[in-house]
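Below is one structure; the comments refer to it alone.
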Amino acid sequence: TIVVANKGFDRVNGARVTDILSPSLFNVSWTAAGVEGATNFIASGSGDLNTTVDLPVYSSVIFTVQATIGYGPECLVTNIATVAVPAGLDDINPEDNIAIDVDHVVPPFVAPPDVLVSCTNLVPVAATNLAGFIASGGALGDTAVPYIVTYVGDSDNGGAGCPANPLIIARTYRLTTGCGDFADAIQT
């Protein structure tokens, strides 16, 4: 969400709003809504945002951007939105004319399917590498971000392990990207 607001003392006509989106974003679309009398803006579009807005005092335009993150070799998606005051107007706080958003990219990561066993001696061994994780039914979204998958450990409910008192095990796997970001997936 990008909010362009006029908190000043004069009406602003033709303020240029720009957001050149990260190349790792795909299927980009955006919509805009005026608040408190903002006018002359494009209500929707796709791709980069580059439009002008007219803002009476205390009005704003709210841009909502939706996109799909393409999983490339980058660990971060950075977005920078700016607004430029038209010539002839003074801006009492030009520092708030730029907004930067940085998000960490962690590929989609799904634990192997749950397993139902009748007794504790039938609990399968945990996968200890990516090949074992995939072979046991785990899934990882397509990505060029460097990563490793590790087995973190098991926890249980203390049950005896047979039908009258089932043992429920929660097995945790962790995906860690080359940038140090991680996500856990739990198999029960």
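The opening position of the sequence shown corresponds to residue -5 in the working numbering, with each subsequent residue numbered one higher.
Here a beta-carbon is modelled for each residue, glycine too, at the ideal position from N, C-alpha and C.
| Asked | Found |
| --- | --- |
| Inter-residue spacing [alpha-carbon to alpha-carbon] between residue 178 and residue 103 | 8 Å |
| Residue(s) in a DSSP beta bridge with residue 40 | 23 |
| Alpha-carbon to alpha-carbon, residue 141 and residue 101 | 9 Å |
| CB of residue 12 within 8 Å of CB of residue 58, strictly | no |
| Own chain partners of residue 38 with C-beta closer than 6 Å, once the 5 adjacent residues on each side are dropped | 25 |
| Endpoints, the alpha helix (DSSP H) within which residue 75 is located | Here residue 75 belongs to no alpha helix (DSSP H); instead the beta strand (DSSP E) covers 70 to 78. |
| Residue nearest to residue 29 in terms of C-alpha spacing, selected from 43, 77, 1, 85 | 1 |
| Close-in-space but distant-in-sequence residues of the same chain around residue 171 (CB under 7 Å, 5 per side omitted) | 69, 100, 139, 140, 141 |
| Unbroken beta strand (DSSP E) run spanning residue -1, endpoints | -4 to -1 |
| Per DSSP, cross-strand counterpart(s) of residue 148 | 165 |
| Counterpart residues of residue 178 in DSSP-defined beta bridges | 168 |
| Residue 55 burial status per 10 Å Cβ neighbour count (16 or more: buried) | buried |
| Separation of residue 8 from residue 31, as counted between CA atoms | 14 Å |
| Coil, strand or helix - residue 90 by DSSP | helix |
| Span of the alpha helix (DSSP H), counted from its first residue to its last, around residue 127 | 124 to 129 |
| Backbone secondary structure at residue 134 - three-state DSSP | strand |
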